[in-house]
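Sequences listed follow chains A and B, in order.
Per the numbering used here, residue 46 is the first one in the first sequence, and the count goes up by one each step.
Per the numbering used here, residue 280 is the first one in the second sequence, and the count goes up by one each step.
We put the beta carbon where it would ideally sit given N, CA and C, even for glycine.
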Amino acid sequence: MGLSVWVVMSGLTLIGVVAGFLMHRSDFCMAGAFRDLFLFRSYRLIRPIVLLVCLSALLFELCRLTGILPIYPFPWFNPPAGINLFGGMVFGLGMVMAGGCVVGVLYKMGAGSLLALVAFLGLLAGSALYAEIHNWWVPLSRLTVFPTRAVTLPQWIGGSPTVLVFVCAAIGGFFCWRWKRDGHWTNRNPAEGFIPLWFTAIGLALLSVLTVLLCGVPMGVTTSYAKGAALLESWLVPEHQATLTYFTATPLQSVLPLDGILRSGGSGPHFDVVAIVQVPLILGIICGSWLSAQLLNEFKIVWKVPFNQVAMVFTGGVIMALGSRMSPGCNIWHLWGGLPLLTMQSLLFVIGLLPGAWLGGKILQHVLLSAAPLKRLNS
Amino acid sequence: MKTIEIDIRGQICPSCLLLVLREVNQRHRELMDGNLCLVILTDNRAATGTIPDAVNNMGIAAAVEKLAGYYRIIIQGQHD
Chain A
46 MGLSVWVVMS
56 GLTLIGVVAG
66 FLMHRSDFCM
76 AGAFRDLFLF
86 RSYRLIRPIV
96 LLVCLSALLF
106 ELCRLTGILP
116 IYPFPWFNPP
126 AGINLFGGMV
136 FGLGMVMAGG
146 CVVGVLYKMG
156 AGSLLALVAF
166 LGLLAGSALY
176 AEIHNWWVPL
186 SRLTVFPTRA
196 VTLPQWIGGS
206 PTVLVFVCAA
216 IGGFFCWRWK
226 RDGHWTNRNP
236 AEGFIPLWFT
246 AIGLALLSVL
256 TVLLCGVPMG
266 VTTSYAKGAA
276 LLESWLVPEH
286 QATLTYFTAT
296 PLQSVLPLDG
306 ILRSGGSGPH
316 FDVVAIVQVP
326 LILGIICGSW
336 LSAQLLNEFK
346 IVWKVPFNQV
356 AMVFTGGVIM
366 ALGSRMSPGC
376 NIWHLWGGLP
386 LLTMQSLLFV
396 IGLLPGAWLG
406 GKILQHVLLS
416 AAPLKRLNS
Chain B
280 MKTIEIDIRG
290 QICPSCLLLV
300 LREVNQRHRE
310 LMDGNLCLVI
320 LTDNRAATGT
330 IPDAVNNMGI
340 AAAVEKLAGY
350 YRIIIQGQHD
């Protein structure tokens, strides 16, 4: 492993630590943002996501205009397809049932949440399940590809990205300004060490840009969950794992800006470019959240949790993994990386998230309110 | 005065807010009259902000205090 790989992995680990720390302090829950829109008609968590996406869009565009951005649009984004919308719906359903998205479960797990660990195991199981249906899903997904070679909306309409990105960012910025004027950015949370959501949104936007500058691709984690599932299968059922196309192919290619070397990667249990750019983020987020919880004396594992919640979050993890593989891509990949560039895959994915989150909220409400809570009555 | 304690530590988000809203809706009069105190134990950091906001909007007061690694939210009486 060369020096450049070490530098990239160290830098990404540090980025992950800061991201995990911030997300724990603010309880920056992306699943909650979409869930609460429908469950409580609350915009509390959606506002910082709008800020994050708009700021990222401006920063990415500035980097592109100044030539700092290594590749535009980012690698691993493709022309849109109907499966992006369907995958977003499945993903939205899963993330609400799991109680967190693909990075939400990481920062919650780092803070000691047993249910987040169960959701994480569900993500591994769902990734393994997808590997079984991959050969059937790929030809089906090709039927839904839109008749265009354009990846981003500006490419599709044939204009410069600058105008469209700045217009979208200005509209989002106007709403952010109105929310500030109306006092929605004020920190009213009495939790110890709470960091305002707007601060974390800005921090995550900067970390997202740093990630692209360092490794050439935006933040993403789910292909490495598939790698984890493949690794487990290679230990438990190696003959079967070797027969699965999804766990043996290396379709993803990327160049690290530091050394300019083109590397390949995939979902197999190997050390490749996917492992270089994703695994350090996963470990960093868990460590950052753990550090934050330890400093606040809030790291504590509660072992006694309702069984119906265990079953629901595991199922949610499986569904979320299926959604991320079918789409392909997770909410972080599309919201923090693709949407700021107005990639059409990401636009479809985010539209799909909405009905999925609505349905997930209905199921969640039924499961949580059907069981009696632990209650003690004193007179 | 009656006290009902609900322990939601370790549970999935948003158990805390959903269960509290159900209890507050069912026992709104008792809480407003000061005949009932709801005590919520939670390790959900967001709940320390969302629960007081929600019950304040329903006219009921709420106070938050940190204990050993978790939070106690006390809901009783009228909100000023």
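Would DSSP call residue i helix, strand or coil?
i	result
B/Gln-305	helix
B/Ile-319	strand
B/Ala-341	strand
A/Thr-58	helix
A/Thr-388	strand
B/Thr-329	helix
A/Thr-197	strand
A/Val-190	strand
A/Leu-114	coil
A/Cys-375	coil
A/Pro-93	helix
B/Ile-291	coil
A/Pro-283	helix
Whole-angstrom Cβ separation of residue i and residue j, contact assumed at under 8 Å?
i	j	result
B/Ala-340	B/Gln-355	7 Å
A/Ala-78	A/Ile-94	5 Å
A/Arg-80	A/Gly-362	Not quite, the Cβ-Cβ distance comes to about 15 Å (not below 8 Å), so this is no contact.
A/Ser-309	A/Val-318	6 Å
A/His-69	A/Ala-338	6 Å
A/Gly-132	A/Phe-394	6 Å
A/Val-350	A/Leu-160	6 Å
A/Pro-263	A/Thr-197	About 13 Å; that fails the 8 Å criterion.
A/Thr-58	A/Gly-329	4 Å
A/Met-371	A/Trp-181	Incorrect: roughly 11 Å between the Cβ atoms, too far for contact.
How would you write the range of the beta strand (DSSP E) that residue i sits in, first residue to last?
i	result
B/Gln-357	350-357
B/Lys-281	281-286
A/Ser-309	307-310
A/Ser-299	297-300
Looking only at its own chain, which residues have a Cβ that is under 8 Å from the Cβ of residue i, when we skip the five neighbours before and after it?
i	result
B/Leu-246	Within the shown structure, residues of chain B are numbered from 280 to 359, placing residue 246 of chain B beyond reach of any answer.
A/Glu-177	Leu-289
B/Tyr-349	Arg-288, Leu-320, Thr-321, Asp-322
A/Ser-55	Pro-325
Please work out which residues of its chain come closer than 6 Å, Cβ to Cβ, to residue i, disregarding the five sequence neighbours upstream and downstream, and give them in chain order.
i	result
B/Ser-294	Ile-287
A/Cys-241	Looking at the sequence itself, residue 241 of chain A is Pro, so the reference to Cys does not match. For A/Pro-241, where only same-chain residues beyond five positions count, the Cβ hits under 6 Å are Asn-232.
A/Gly-139	Gly-361, Ile-364, Met-365, Gly-368
A/Gly-127	Thr-189
A/Ser-71	Ile-240, Leu-242, Thr-245
Please tell me whether residue i and residue j are closer than 9 Å, where the distance is taken between their beta carbons.
i	j	result
A/Leu-387	A/Pro-199	yes
A/Ser-172	A/Ala-366	yes
A/Pro-124	A/Val-190	yes
A/Val-266	A/Leu-169	no
A/Ser-269	A/Ala-320	yes
A/Trp-121	A/Ser-391	no
A/Ile-327	A/Gly-61	yes
A/Leu-249	A/Trp-381	yes
A/Val-254	A/Leu-384	no
B/Val-406	B/Ile-291	The structure shown does not extend to residue 406 of chain B, since chain B is modelled only from 280 to 359, so the question has no answer here.
A/Pro-302	A/Leu-259	yes
A/Leu-90	A/Phe-66	no
Flag residue i as yes if its beta-carbon sits less than 9 Å from any beta-carbon of chain E, otherwise no.
i	result
A/Pro-351	The structure shown contains no chain E; its protein chains are A and B.
Can you name the start and end residues of the alpha helix (DSSP H) that residue i belongs to?
i	result
A/Glu-177	159-187
A/Arg-370	352-371
A/Ile-321	318-340
A/Leu-249	242-260
A/Phe-131	127-143
A/Tyr-291	Neither: A/Tyr-291 is in no alpha helix (DSSP H) and is coded neither H nor E.
A/Val-208	206-226
A/Leu-82	75-84
A/Gly-149	149-155
By Cβ distance, which residues of its chain are closer than 7 Å to residue i, with the 5 residues on each side in sequence left out?
i	result
A/Ile-408	Met-142
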